[in-house]
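Heads up: the sequence lines are chains A and B, in that order. Under my numbering, the very last position in the first sequence is 112; numbers go up by exactly one each time. Under my numbering, the very last position in the second sequence is 228; numbers go up by exactly one each time. In this text, a Cβ means the ideal position worked out from N, Cα and C, and glycines have one as well.
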Amino acid sequence: KAGVTQTPRYLIKTRGQQVTLSCSPISGHRSVSWYQQTPGQGLQFLFEYFSETQRNKGNFPGRFSGRQFSNSRSEMNVSTLELGDSALYLCASSRNSADTQYFGPGTRLTVL
Amino acid sequence: AQKITQTQPGMFVQEKEAVTLDCTYDTSDQSYGLFWYKQPSSGEMIFLIYQGSYDEQNATEGRYSLNFQKARKSANLVISASQLGDSAMYFCAMRDPLGGADGLTFGKGTHLIIQP
Numbered sequence: 001k002a003g004v005t006q007t008p009r010y011l012i013k014t015r016g017q018q019v020t021l022s023c024s025p026i027s028g029h030r031s032v033s034w035y036q037q038t039p040g041q042g043l044q045f046l047f048e049y050f051s052e053t054q055r056n057k058g059n060f061p062g063r064f065s066g067r068q069f070s071n072s073r074s075e076m077n078v079s080t081l082e083l084g085d086s087a088l089y090l091c092a093s094s095r096n097s098a099d100t101q102y103f104g105p106g107t108r109l110t111v112l
Numbered sequence: 113a114q115k116i117t118q119t120q121p122g123m124f125v126q127e128k129e130a131v132t133l134d135c136t137y138d139t140s141d142q143s144y145g146l147f148w149y150k151q152p153s154s155g156e157m158i159f160l161i162y163q164g165s166y167d168e169q170n171a172t173e174g175r176y177s178l179n180f181q182k183a184r185k186s187a188n189l190v191i192s193a194s195q196l197g198d199s200a201m202y203f204c205a206m207r208d209p210l211g212g213a214d215g216l217t218f219g220k221g222t223h224l225i226i227q228p
């Protein structure tokens, strides 16, 4: 069974731009969660989607948004990029919201 | 709110020795799940082992075992017979098993280096 895939793997943007990251979950998994990892703040929960509905959201500004499609694939969008948004963005999928989460390889975003 | 504390920022261990990575947690919930993940330098988080708060036996998965002491709120990971490929960051995490509001709560991690 294929694992979680994330595209792109690497991304370089400039301040003020926006970016969209994509995540394809493991087949049969309906829950997708996103996390931001930085050296200073560690791993922080962004949001979780289940059956196309956002279930939970972490403490991030409204510039961070996401969505989930009917095939469970998910995208997250960051608008008006700031230098502090440079991070590794990890996507995780699970069968449901309570099940073990399996992570993708991450997208490394650099904001210049 | 849930909190995970990993007190060992880094560890050096000789190959083939056993390793214990410390994790303590704080929660007011009676029901919760505890996880350990491994993150190699490539960045991907690899699930290692899970322990439910009501599980009476310590979880084991191959060379990994979880030393769960509920009264002390600790969930230490034990790696037996360490290998060079075990060198990585290790994260302890927890969440409400019913799917809590904040996703997984992670500790700061332990950087494990296995020396030949």
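As DSSP reads the structure, glycine 145 of chain B sits in a beta bridge with B:Gly164, B:Arg207. Chain-ordered, the chain B residues with CB closer than 8 Å to the CB of proline 105 of chain A read Ser154, Gly155, Glu156. Residue pairing by DSSP puts methionine 76 of chain A in a beta bridge opposite A:Leu21, A:Gly66. Here DSSP, grouped into helix, strand and coil, assigns glycine 122 of chain B to strand. The beta carbons of methionine 206 of chain B and phenylalanine 147 of chain B sit closer together than 8 Å.
According to the DSSP assignment, aspartate 138 of chain B belongs to the beta strand (DSSP E) that extends over 136-138. Annotated as proximal: lysine 185 of chain B and tyrosine 137 of chain B, with beta-carbon spacing under 8 Å. Rounded to the nearest whole angstrom, the CA to CA distance from serine 140 of chain B to lysine 13 of chain A is 41 Å. Neighbours of arginine 30 of chain A in chain B, taken as residues whose beta carbon is under 8 Å from its own, are absent, since the nearest beta carbon is some 12 Å off. With a threshold of 8 Å between beta carbons, glutamate 48 of chain A makes contact with chain B.
Put simply, the CB of lysine 150 of chain B is far from chain A, with every gap to its CB atoms at 8 Å or more. One thing to note: lysine 150 of chain B has its Cβ within 8 Å of the Cβ of tyrosine 202 of chain B.
Proximity of arginine 95 of chain A to chain B, defined by a Cβ-Cβ separation below 8 Å, is not satisfied. The Cβ atoms of serine 33 of chain A and glycine 215 of chain B sit closer than 8 Å to each other.
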